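First the structure, in the form of C-alpha cells, and then the observations on it.
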Amino acid sequence: MRWLLLLLALLGPPAQAEVRDPGQHFFQPKLGDLKDDLAAARAEGKAGVLLMFEMDDCPFCDRMKHTVLNQSAVQDYYRQHFAIYPIDTRGDAPMVDFQGRDTTEKAFALDQRARATPVFIFYDLDGRPVTRFTGATQTTDEFLLLGRYVVEGHYKAMPFNVYKRQTR
78 MRWLLLLLAL LGPPAQAEVR DPGQHFFQPK LGDLKDDLAA ARAEGKAGVL
128 LMFEMDDCPF CDRMKHTVLN QSAVQDYYRQ HFAIYPIDTR GDAPMVDFQG
178 RDTTEKAFAL DQRARATPVF IFYDLDGRPV TRFTGATQTT DEFLLLGRYV
228 VEGHYKAMPF NVYKRQTR
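According to this note's numbering, the sequence shown is numbered sequentially starting from 78.
This is the structure we're talking about:
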C-alpha cells in the first residue's frame, strides 16, 4: 500500500484543462467600431462576430466567465472562428454599430434586445444576427456545441435545442 501512495505522489494530480483569464484569452480588445471589427473578421476568415452582452454584478455572467469562458478549449475554438467582444448593457462608452452608426453600448444593447444577461449573439459576416443564446450554458461542452452549431451552419436548419438533442 505504501508503494502505491508513493507512486501516486510522484505522478502528481490528474491532468486538467488549462484555465486562463477570459479577459485576455476569450475576448478581444474592444476598439469600439463593430463595422471595422466585422471587416477584420471577414479578412481573417472567421465565421462571424460573437458579442456577449453583460453587466456588472450579473451572477450568470460571472459564472460563465469562471466556469466556461476561462477554459482553454473554449477560448481556442472560439478565437479561431469568431471575433469576440463584450458589450456592457449599462455602458455609456461610445461605439459604432455594424452599419457604421454612432451609438453607445447601452443603446446598442437595447437595439439588439439584450435585456437579460448574459446574452450571446452571433453575427454573420454581413453583421446580421444568426443565433441568440440567453443565459449561462450548463457546461463547457454545451458552449462548445453552440459554437459548432453556428460554425457548421446548423442554425439555418433548426433551433439550437433541437440540434443539441440530435447530437447527444
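In this text, a Cβ means the ideal position worked out from N, Cα and C, and glycines have one as well.
Since the model is a prediction, treat every value here as computed from it, not as a measurement.
Where residue i falls, given that 16 or more other Cβ within 10 Å makes a residue buried
{"i": "Ala118", "result": "buried"}
{"i": "Gly122", "result": "exposed"}
{"i": "Thr214", "result": "buried"}
{"i": "Asp98", "result": "exposed"}
{"i": "Glu95", "result": "exposed"}
{"i": "Gln243", "result": "exposed"}
{"i": "Gln148", "result": "buried"}
{"i": "Ala120", "result": "exposed"}
{"i": "Ala191", "result": "buried"}
Coarse secondary structure for residue i, derived from DSSP in three states
{"i": "Ala150", "result": "helix"}
{"i": "Arg242", "result": "helix"}
{"i": "Ala234", "result": "coil"}
{"i": "Ala193", "result": "coil"}
{"i": "Pro91", "result": "Note that Pro91 scores 39 on pLDDT, short of 50, meaning its location in the model is unreliable; the coordinates nonetheless yield the value given after this. DSSP places Pro91 in coil when its eight states are reduced to three."}
{"i": "Phe185", "result": "helix"}
{"i": "Ala120", "result": "helix"}
{"i": "Val96", "result": "strand"}
{"i": "Asp165", "result": "strand"}
{"i": "Asp110", "result": "strand"}
Residue range of the unbroken alpha helix (DSSP H) whose run includes residue i
{"i": "Tyr226", "result": "Thr217 to Val228"}
{"i": "Thr180", "result": "Looking at the DSSP string, Thr180 is not in any alpha helix (DSSP H); the run it does join, the beta strand (DSSP E), is Asp179 to Thr181."}
{"i": "Pro99", "result": "Pro99 to His102"}
{"i": "Asp139", "result": "Pro136 to Thr144"}
Proximity below 8 Å, CB of residue i to CB of residue j
{"i": "Phe185", "j": "Phe197", "result": "no"}
{"i": "Phe237", "j": "Thr216", "result": "no"}
{"i": "Ala160", "j": "Asp113", "result": "no"}
{"i": "Met235", "j": "Thr194", "result": "no"}
{"i": "Gly100", "j": "Val173", "result": "no"}
{"i": "Leu146", "j": "Phe199", "result": "no"}
{"i": "Tyr154", "j": "Gly230", "result": "no"}
{"i": "Gln162", "j": "Leu128", "result": "Reading off the sequence shown, one finds Tyr at residue 162, where the question assumed Gln. Going by C-beta atoms, Tyr162 is nearer than 8 Å to Leu128."}
{"i": "Thr166", "j": "Lys183", "result": "yes"}
{"i": "Thr180", "j": "Gly168", "result": "no"}
{"i": "Phe130", "j": "Gly212", "result": "no"}
Residue span of the beta strand (DSSP E) that contains residue i, given as start and end
{"i": "Leu257", "result": "As displayed, the chain neither begins before 78 nor continues past 245, which places residue 257 out of reach and without an answer."}
{"i": "Thr211", "result": "Pro206 to Thr211"}
Whole-Å CB distance - residue i paired with residue j, under 8 Å assumed
{"i": "Ala124", "j": "Val239", "result": "Contact doesn't hold; Cβ gap of about 20 Å is too wide."}
{"i": "Val126", "j": "Leu221", "result": "Actually they do not touch by this definition, with Cβ atoms about 18 Å apart."}
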